[in-house]
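Q:
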Amino acid sequence: MVKKPDISVKFCKLEMENPFMLSSAPPTCTCEMIMRAFEEGWGGAVTKTIKLDKTPVYDLDNRFGIMAFEDKQMVIFENIEEVSKRPLGTWLKEIRETKRKFPDKLLVGSIMAEPKEEDWEELSRAVSEAGVDMLELNLGCPHGMPERGMGAFCGQRTELIDMLTKASKRASCVPVMVKLTPNVTDIALMGKTAEEAGADAISAINTVLGLIGVNIDTFEPLPSVDGKSTFGGMSGPGMKPIGMRCVAQLAQATNIPISGIGGITTWRDAVEYLLVGAQNVQLCTAVMWRGYRLIHDLVDGFTNYLSDKGFSSTSNIIGKTLPRLTAWSKLNKDWQVVAHVDRDKCISCGLCYVACRDGGYQAIKFEQGKAAEVDEEKCDSCSLCTLNCPVPGCITWKRVKK
Amino acid sequence: MSGRTHTAVLSPQERTKNFGTFVSNLDDRTALYEASRCLMCYDAPCITGCPTAINIPEFIFRIKSRNYYGSAKVIRSSNIFGGECGYVCPVERLCEEKCVRTKLGEEPVAISLLQRFAYEKELPRGLVKFEKEEGKKRKVAVVGAGPAGLSAAYELAKRGYSVTVLDSNAKPGGLLLYGILPWKAKRSVPESEIANIKDYGVKFVANKPVAKVRPLLKEYDAVFIGTGSNTATRIGIPGEKKEGVYQAQEFLASVARYLLKEGKAPDVKGKRVAIIGGGDTAIDAAMASLRLGADRVYILYRRSQREMPAIPYGRQQVREEGATFLYLTSPVRIATRKHGKALTCCRMEFGPPDASGRRGVKQVKGSEFTLEVDVVIIAVGQKPDEKMLCAFGVKRKGGLIQVNESFATSIKGVFAGGDSVNGGETVVRAVADGRKAAEAIDKYLARKRRVN
Chain A
1 MVKKPDISVK
11 FCKLEMENPF
21 MLSSAPPTCT
31 CEMIMRAFEE
41 GWGGAVTKTI
51 KLDKTPVYDL
61 DNRFGIMAFE
71 DKQMVIFENI
81 EEVSKRPLGT
91 WLKEIRETKR
101 KFPDKLLVGS
111 IMAEPKEEDW
121 EELSRAVSEA
131 GVDMLELNLG
141 CPHGMPERGM
151 GAFCGQRTEL
161 IDMLTKASKR
171 ASCVPVMVKL
181 TPNVTDIALM
191 GKTAEEAGAD
201 AISAINTVLG
211 LIGVNIDTFE
221 PLPSVDGKST
231 FGGMSGPGMK
241 PIGMRCVAQL
251 AQATNIPISG
261 IGGITTWRDA
271 VEYLLVGAQN
281 VQLCTAVMWR
291 GYRLIHDLVD
301 GFTNYLSDKG
311 FSSTSNIIGK
321 TLPRLTAWSK
331 LNKDWQVVAH
341 VDRDKCISCG
351 LCYVACRDGG
361 YQAIKFEQGK
371 AAEVDEEKCD
381 SCSLCTLNCP
391 VPGCITWKRV
401 KK
Chain B
403 MSGRTHTAVL
413 SPQERTKNFG
423 TFVSNLDDRT
433 ALYEASRCLM
443 CYDAPCITGC
453 PTAINIPEFI
463 FRIKSRNYYG
473 SAKVIRSSNI
483 FGGECGYVCP
493 VERLCEEKCV
503 RTKLGEEPVA
513 ISLLQRFAYE
523 KELPRGLVKF
533 EKEEGKKRKV
543 AVVGAGPAGL
553 SAAYELAKRG
563 YSVTVLDSNA
573 KPGGLLLYGI
583 LPWKAKRSVP
593 ESEIANIKDY
603 GVKFVANKPV
613 AKVRPLLKEY
623 DAVFIGTGSN
633 TATRIGIPGE
643 KKEGVYQAQE
653 FLASVARYLL
663 KEGKAPDVKG
673 KRVAIIGGGD
683 TAIDAAMASL
693 RLGADRVYIL
703 YRRSQREMPA
713 IPYGRQQVRE
723 EGATFLYLTS
733 PVRIATRKHG
743 KALTCCRMEF
753 GPPDASGRRG
763 VKQVKGSEFT
773 LEVDVVIIAV
783 GQKPDEKMLC
793 AFGVKRKGGL
803 IQVNESFATS
813 IKGVFAGGDS
823 VNGGETVVRA
833 VADGRKAAEA
843 IDKYLARKRR
853 VN
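Chains as they are written, first to last, in our numbering: chain A, 1 to 402; chain B, 403 to 854.
1) Residues of the segment 373 to 399 of chain A with a CB closer than 8 Å to any CB of chain B: list them in chain order, please.
2) Going straight from the alpha carbon of residue 312 of chain A to that of residue 513 of chain B, what length do you get?
3) When you measure from the CB of residue 588 of chain B to every non-hydrogen atom of the ligand SAH, does any distance come out below 8 Å?
4) Which partner residues does residue 138 of chain A have in the DSSP bridge list?
5) Got a sec: is the Cβ-Cβ distance from residue 495 of chain B to anything in chain A below 9 Å?
6) Quick one: Cα of residue 472 of chain B to Cα of residue 562 of chain B, how far?
7) Are the beta-carbon atoms of residue 322 of chain A and residue 277 of chain A separated by less than 9 Å?
8) Thinking residue 210 of chain A and residue 231 of chain A are a contact (beta carbons under 8 Å), I'd like their distance in whole angstroms, please.
9) Using a Cβ-Cβ cut-off of less than 9 Å, list which residues of the segment 447 to 478 of chain B approach chain A; keep chain order.
10) Quick one: grab the DSSP three-state call for residue 304 of chain A.
11) If we ignore side chains and look at the alpha-carbon of each, how far apart do residue 18 of chain A and residue 488 of chain B end up?
12) How many angstroms separate the CA atom of residue 600 of chain B from the CA atom of residue 586 of chain B?
13) Leaving out the 5 sequence neighbours to the left and right, which residues in its chain are closer than 7 Å to residue 28 of chain A when beta-carbon positions are compared?
14) Do you know whose CA, among B:707, B:723 and B:469, lies nearest residue 694 of chain B's CA?
15) Could you list which residues in chain A have their beta carbon closer than 8 Å to that of residue 506 of chain B, in chain order?
16) Buried or exposed: residue 415 of chain B, going by 16 or more other Cβ atoms within 10 Å of its Cβ?
17) Count the other CB atoms within 10 Å of the CB of residue 383 of chain A; is the residue buried (16 or more) or exposed (fewer)?
18) Compile a chain-ordered list of the residues in the segment 424 to 443 of chain B whose CB is closer than 7 Å to at least one CB of chain A.
19) Taking C-beta pairs closer than 8 Å, name the residues in chain A that residue 502 of chain B reaches, listed in chain order.
20) Among A:31, A:365, A:390 and A:389, which residue has its Cα nearest to the Cα of residue 378 of chain A?
21) When you compare the CB positions of residue 165 of chain A and residue 198 of chain A, do they come within less than 9 Å of one another, or not?
22) Could you pull the DSSP bridge partners for residue 397 of chain A from this structure?
23) Which residues, taken in chain order from the segment 50 to 83 of chain A, show a beta carbon closer than 8 Å to some beta carbon of chain B?
24) Compare the C-beta of residue 601 of chain B against all C-beta atoms of chain A and say whether one is closer than 9 Å.
25) So with Cβ pairs under 9 Å, would you call residue 669 of chain B a contact of chain A?
26) Using a Cβ cut-off of 7 Å, pull out every chain A residue sitting near residue 445 of chain B, in sequence order please.
27) CB-CB under 6 Å to residue 387 of chain A, same chain, minus the five flanking residues each way: which ones, in chain order?
28) Which residue comes first and which comes last in the alpha helix (DSSP H) that contains residue 248 of chain A?
29) What's the gap between the Cα of residue 515 of chain B and the Cα of residue 748 of chain B?
30) If you follow the alpha helix (DSSP H) that residue 191 of chain A is in, where does it begin and where does it stop?
31) Report the neighbours of residue 292 of chain A on chain C: residues whose CB is nearer than 9 Å to its CB, in chain order.
32) Within the same chain, show all residues whose beta-carbon is closer than 6 Å to that of residue 171 of chain A, passing over the 5 residues directly before and after it, in chain order.
33) Which chain B residues sit within Cβ distance under 9 Å of residue 132 of chain A?
34) Can the beta-carbon of residue 844 of chain B be found less than 9 Å from the beta-carbon of residue 628 of chain B?
35) Give me whichever residues DSSP pairs with residue 605 of chain B in a beta bridge.
36) Under 8 Å Cβ to Cβ from residue 680 of chain B, same chain only, skipping five residues before and after it: list those, please.
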């Protein structure tokens with residue numbers, strides 16, 4: 001019998017039973033919620049961002065929006081919610097209780113304050129001493145908070161990343177992780193700045209600034225708060241490519257552990273994040289949509305994947321794809337293929353034909369009721385047809401020497 | 403996304419209470435979901451499956467983009483009875499049969515349901531109107547206000563001709579009103595589309611059966627005949643012409659007249675009804691009998707379930723409603739008794755396949771048995787009224803009006819299309835014929851104009 005793979009991970013020398021955490025967001029609004037998630041099987045959780053009592057926080061009614069396909073297949077989720085409104089004292093009490101009940105789970109305290117060293121020190125000291133395993137500095141929230149000099153306002157300025165990381169490190173008795181915003185030109189630079197300032201880990205990404213939609217009947221931007229709106233934070237499946245790109249860039253540029261975040265819904269997404277260098281992953285949107293129960297398939301699917309692939313532990317796959325990520329100029333120009341249609345599988349829908357005709361190189365011949373045919377001379381191997389074809393395995397690549 | 407959107411159907415007990423439609427339509431959500439199943443094939447086979455060649459992927463895409471009125475416009479530009487066809491087309495053997503989704507082992511896209519959806523969205527805004535060409539002096543007479551005639555009338559009126567439709571019934575619609583019962587399509591569907599055709603300036607003359615065609619050419623520059631195919635084919639068994647034996651077409655027409663408050667319902671209440679035939683008309687007659695309160699309904703078909711031409715959906719519905727199917731059963735004679743009829747039948751068995759590959763059936767010796775019934779309805783086929791066509795004076799072939807590829811009959815200036823030419827096809831085929839014939843008439847009159 002094959003030995004069951006070990007899916008536990010070490011993150012900043014802290015043991016986690018599995019690499020799946022809840023990110024700092026509504027699913028971690030209270031420790032009652034966090035404890036329920038732990039009972040369900042989550043390996044760790046980052047609290048919703050805790051602030052000092054003197055920092056005012058508001059929440060608007062109607063603060064979410066979605067972009068979805070038919071039948072509410074949500075692709076992108078938007079929020080314009082602020083950090084936790086709850087008093088610091090409540091959080092500290094709950095953190096103590098949670099750690100007492102769940103000593104083996106990774107509990108991370110997310111914090112945010114105005115860009116003043118003394119405030120970050122005070123908050124870091126209080127929360128770390130309450131018993132969290134780690135701190136996460138929220139330098140990424142892109143809506144609301146930056147207007148008051150917090151969140152992404154700090155994460156978009158290297159001098160503030162440097163100053164606040166150092167302040168937190170001075171006061172914290174536990175490792176410090178810096179959560180970065182993708183709404184910057186060069187996230188690697190931000191990651192390096194955090195590393196040089198002494199951060200023990202990086203988490204990325206926070207939400208991507210966007211505008212989820214406009215109601216074309218009423219002309220209201222969405223989500224509409226009494227007729228008006230603001231730009232908000234995008235998350236969900238559609239954000240995965242941005243998150244993965246950021247994680248890979250950070251993994252290439254830094255030497256500290258990365259907690260991968262952004263559009264993870266299933267264990268497959270998580271595997272992709274681990275392959276490009278994340279050491280654990282955080283989920284939020286998928287859990288907001290379907291609940292804590294997602295952890296069961298995350299754990300089971302991931303375990304089966306490792307076992308099917310013959311890996312004995314999570315560490316086997318971390319960063320495995322990174323060496324294959326290179327500059328465009330370093331990609332092999334001599335590797336040549338052409339599209340090939342499997343005549344037996346072709347259903348004669350003509351989708352490849354019209355895509356190639358109007359969006360490609362006019363290399364596909366098609367007649368209703370017959371299988372599509374590729375003119376290998378004309379095929380420029382762009383892959384549009386392969387991706388567009390509704391039949392799995394019908395259009396594939398054939399290697400050729402040109 | 404592979405599952406076809408299924409719509410709620412009333413229970414058999416509920417739906418047999420009246421003649422109302424029993425399939426509910428898609429709502430915004432399910433329509434969007436179903437529309438998203440369309441692959442939007444290039445040169446889509448479903449279009450070739452539609453006699454009126456509606457650009458199906460285009461109208462479905464417009465539902466997906468929630469351009470509902472635009473969707474209706476696509477449908478109506480090809481088929482002026484797009485709403486009615488959405489309700490009554492046997493899509494299982496037309497567009498949906500060709501749907502490429504089936505090649506993926508999935509249910510076809512529910513094209514008819516989407517077409518109905520587009521119609522229902524079009525209705526409140528007013529049916530789509532196309533620009534009418536400038537008035538032409540030429541006049542065209544259309545004989546028969548069924549789908550072929552009305553389609554031709556619309557196409558000609560839109561092209562600027564002065565069109566008059568003559569019909570023997572009290573209301574225009576022909577088969578749409580007097581042949582198709584409203585569980586398939588609510589009466590308001592054909593009525594709205596006929597009103598729409600009237601809006602193009604088409605004139606109707608009701609209760610006006612046409613005996614001879616030639617005289618019409620004195621008043622009109624061209625004539626279109628679309629008198630349909632509404633006479634039943636006889637089986638040729640003893641007792642077939644006796645009282646209590648209906649021809650299905652005549653039976654359904656009297657049910658329709660009753661529903662239109664133009665006459666009395668056929669008396670089948672509490673009675674035992676035997677229907678002979680395996681087509682959609684037989685199913686319709688069975689459904690009508692059940693709704694009129696028949697005590698028992700038998701459907702006799704001489705071949706097996708597999709060969710039955712009626713669409714499976716209708717067969718399933720009527721079976722659920724209580725009809726009994728007797729397969730491989732053929733009528734021998736109908737005897738009139740003091741109370742009711744004795745319908746003598748025999749069992750059939752398959753013989754070797756004939757030249758066309760279809761297996762022949764023959765009687766099983768000594769298998770005769772008698773079915774005690776009150777009413778017999780014969781639904782083994784239909785044909786145009788031979789006497790009427792004979793009086794028209796147009797050349798005929800096999801009981802049908804003979805036309806060339808331009809729908810022109812043997813009389814110059816007289817055209818024909820629909821069931822009177824093809825023997826009894828679908829509504830959509832008749833609509834397509836009417837349109838094509840109108841195009842031919844337009845060309846004919848343009849030529850005539852030049853010559854004069």
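A virtual CB, placed ideally from N, CA and C, is assigned to each residue, including glycine. Predicted, not measured: the structure shown is a model, and the values here were computed from it.
A: Taking the definition as stated:
1) 390 and 391
2) 51 Å
3) Absence of the ligand SAH from the depicted structure is noted, as is the absence of any ligand whatsoever, leaving it without description.
4) A:179
5) no
6) 24 Å
7) yes
8) 7 Å
9) 447, 450 and 466
10) helix
11) 55 Å
12) 23 Å
13) 22, 34, 45, 46, 47 and 48
14) B:723
15) 347, 390 and 391
16) exposed
17) exposed
18) 434, 435, 438, 441 and 443
19) 347, 348 and 349
20) A:365
21) yes
22) A:339
23) 69, 70 and 71
24) no
25) no
26) 350 and 368
27) none
28) 240 to 253
29) 41 Å
30) 187 to 196
31) Reference to chain C is not applicable here, since the protein chains of this structure are A and B.
32) 121, 124 and 125
33) The premise fails here: residue 132 of chain A is roughly 43 Å from chain B at the closest Cβ pair, so nothing lies under 9 Å.
34) no
35) B:566
36) 701, 703, 704, 705, 709, 710, 711 and 712
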